[in-house]
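Below: the structure, in structure tokens.
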Amino acid sequence: GVKVPVMTAGRINTPGVSRRKYYPVERLIWFCMGRVLLADPDFSKKAQEGRSEEIIPCIACNKGCHDRNAEDRAVKCTMNPETGRESTFKITPAKNSKKVLVIGGGPAGMEAANGYYSSQCCRTSLGFNRG
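In this note's numbering, the protein residues as written are 4 to 134.
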């Protein structure tokens, strides 16, 4: 067997993946996570507390993190609008919920609906399809 401490990385993006994928390695003591922590800096805490449904997923698109880093630009995340802007603002759910219509279902639309009773639709269902 392996007698030295082992570290691994690579698409550890949901709780349990680490255990299922690497369980046979007895000396595995470190898991390196990069993009998943840009999507949700509280990934580990939420996983430990059994709140996996609250974890903001990394979709491995590389648009805000890898691509921007390669262009020497500030790192962001398409799934988490706070990434790279932590000192600027904190998005919180609405205190007084209202009924709202959110057009568009991307990450920004999902975040805009946070805390509201929302209905979501796409432009084609509203008759705005340009063909």
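Note that beta-carbon positions come from the ideal geometry of N, C-alpha and C, so glycine has one too.
What is the DSSP secondary structure of residue i, counted as helix, strand or coil?
i	result
M113	helix
F34	strand
S90	coil
E57	helix
Per DSSP, residue i is paired with what?
i	result
L2	The structure shown does not extend to residue 2, since the chain is modelled only from 4 to 134, so the question has no answer here.
M10	W33
Taking Cβ positions, are residue i and residue j nearer each other than 8 angstroms?
i	j	result
L41	C68	yes
I59	M36	no
Where do the ends of the alpha helix (DSSP H) carrying residue i lie?
i	result
R71	H69 to A73
S47	F46 to Q51
Use the C-beta contact count for residue i: other C-beta atoms within 10 angstroms, 16 or more gives buried, fewer gives exposed.
i	result
K66	exposed
R3	In the structure as shown, the chain begins at 4 and stops at 134. Residue 3 is therefore absent and cannot be evaluated.
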